[in-house]
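In what follows, a single structure is set out as structure tokens and then discussed.
Protein chains: 2
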Amino acid sequence: VRPFRIVVAGHGEFAAALLASAELIAGPIEDAGAVGLGPDDAPEAYGERLREVVGSGPCLVLADLAGGTPANVALVVGRDRRDVVVVAGATLGMLLEAATGLTSLDDAPIDGLVAAARSGVVRQDDRIRSPRSV
Amino acid sequence: VRPFRIVVAGHGEFAAALLASAELIAGPIEDAGAVGLGPDDAPEAYGERLREVVGSGPCLVLADLAGGTPANVALVVGRDRRDVVVVAGATLGMLLEAATGLTSLDDAPIDGLVAAARSGVVRQDDRIRSPRSV
Chain A
36 VRPFRIVVAG HGEFAAALLA SAELIAGPIE DAGAVGLGPD DAPEAYGERL
86 REVVGSGPCL VLADLAGGTP ANVALVVGRD RRDVVVVAGA TLGMLLEAAT
136 GLTSLDDAPI DGLVAAARSG VVRQDDRIRS PRSV
Chain B
36 VRPFRIVVAG HGEFAAALLA SAELIAGPIE DAGAVGLGPD DAPEAYGERL
86 REVVGSGPCL VLADLAGGTP ANVALVVGRD RRDVVVVAGA TLGMLLEAAT
136 GLTSLDDAPI DGLVAAARSG VVRQDDRIRS PRSV
């Protein structure tokens with residue numbers, strides 16, 4: 036059993052869709068949630084919903100965009116809580132790795148999660164093997 | 036006017052949700068599309084839909100996951116086309132940057148897009164300022 040909860044925080048439908056797409060690939064992801072910021076949501080109301088879904092135990096929050104409202108509100112929710120880790124720039128690979136490979140919220144595994152997610156951002160078309168402008 | 040189309044390719048609702056969430060932040064994104072792989076889609080059928088949305092002109096495809104079917108099919112769609120660039124590991128920040136900041140599909144700006152997206156994958160909670168295990 037994974038010893039922490041995973042919550043995706045994002046603008047609009049992104050959060051729920053990221054979680055649903057990860058479940059398409061990996062099957063049901065237990066102890067996970069998604070909280071989307073609607074276009075008319077006040078940050079305070081969003082924070083209340085996010086705080087409720089994060090809960091009182093260890094939690095990894097994956098936010099869609101550094102500097103965006105979901106990430107900023109997640110930082111407020113996690114303030115003074117050493118058991119809430121917030122990583123922004125959520126990718127599908129990051130969520131899959133968090134759900135299936137990550138075993139703790141200690142600093143080293145979180146650093147590994149960030150590094151793996153970064154290396155999953157990669158150009159893949161054939162032109163990189165024979166570069167030339169378009 | 037941006038001289039290339041942007042297409043998000045992903046599992047399930049991820050592609051459409053990423054585009055919609057970017058538009059929540061940046062307003063309408065012209066000349067862009069999203070093609071989601073359904074749980075029962077054959078890769079060939081997905082490829083036909085993706086090829087149609089990519090179209091015949093220059094196109095940047097942002098795929099959700101390196102090694103996933105949407106990314107792999109995008110590589111097939113872009114094969115032998117130097118005007119189709121495929122970047123996997125899509126993030127909201129990457130799409131926003133592609134839609135509002137990227138001005139060509141030449142190698143250097145694409146490298147810049149990838150680097151910016153990677154640096155947008157970042158841990159943000161306060162604990163990184165006073166590391167200690169949970």
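Residue numbers (our numbering), protein chains in the order written: chain A, 36 to 169; chain B, 36 to 169. Don't be surprised by glycine CBs; every beta carbon is placed ideally from N, CA and C.
Please confirm whether residue i and residue j have their CB atoms less than 7 Å apart.
{"i": "Val156(A)", "j": "Arg153(B)", "result": "yes"}
{"i": "Leu130(B)", "j": "Phe39(B)", "result": "no"}
{"i": "Val96(A)", "j": "Ala44(A)", "result": "yes"}
{"i": "Thr135(A)", "j": "Ala61(A)", "result": "yes"}
{"i": "Asp146(B)", "j": "Leu127(A)", "result": "no"}
{"i": "Thr104(A)", "j": "Leu54(A)", "result": "no"}
{"i": "Gly68(A)", "j": "Val36(A)", "result": "no"}
{"i": "Leu59(A)", "j": "Pro78(B)", "result": "no"}
{"i": "Gly113(B)", "j": "Asp160(A)", "result": "yes"}
Tell me the rounded alpha-carbon separation between residue i and residue j.
{"i": "Arg162(B)", "j": "Leu148(B)", "result": "29 Å"}
{"i": "Pro93(B)", "j": "Gly90(A)", "result": "46 Å"}
{"i": "Ile64(A)", "j": "Arg84(B)", "result": "29 Å"}
{"i": "Thr138(A)", "j": "Ala50(B)", "result": "28 Å"}
{"i": "Arg158(A)", "j": "Ala52(B)", "result": "22 Å"}
{"i": "Glu132(B)", "j": "Ala150(A)", "result": "21 Å"}
Which residues does DSSP pair with residue i in a beta bridge?
{"i": "Ala134(A)", "result": "DSSP, once it has assigned bridges, lists no residue as partnering Ala134(A)."}
{"i": "Val70(B)", "result": "Ala44(B)"}
{"i": "Leu95(B)", "result": "Ile41(B) and Val120(B)"}
At 7 Å on the CB atoms, spell out the chain B contacts of residue i, in chain order.
{"i": "Ile60(A)", "result": "His46"}
Apart from the five residues on each side of it in sequence, which residues of its chain come closer than 7 Å, Cβ to Cβ, to residue i?
{"i": "Asp76(A)", "result": "none"}
{"i": "Ala123(B)", "result": "Ala98, Leu100, Ala101 and Ala106"}
Using C-beta distances below 6 Å, list every residue in its chain close to residue i, excluding the 5 sequence neighbours before and after it, in chain order.
{"i": "Gly47(A)", "result": "Gly71"}
Quick one: list the residues of chain A neighbouring residue i, beta-carbon separation under 8 Å, in chain order.
{"i": "Leu53(B)", "result": "Phe49 and Ala52"}
Using a Cβ cut-off of 9 Å, pull out every chain A residue sitting near residue i, in sequence order please.
{"i": "Thr138(B)", "result": "Here the premise fails: no neighbours, minimum Cβ distance about 12 Å."}
Residue i touches chain B at which residues, Cβ-Cβ below 8 Å?
{"i": "Leu56(A)", "result": "At residue 56(A) the sequence reads Ser, which differs from the Leu that was named. The contacting residues are Gly45, His46, Gly47, Glu48, Phe49 and Asp99."}
Given 6 Å as the limit, tell me if residue i has its C-beta closer than that to any heavy atom belonging to the ligand GDP.
{"i": "Leu72(A)", "result": "The model on display carries no ligand, and the ligand GDP is accordingly not part of it."}
Quick one: which chain A residues come within Cβ less than 7 Å of residue i?
{"i": "Ile145(B)", "result": "Arg158"}
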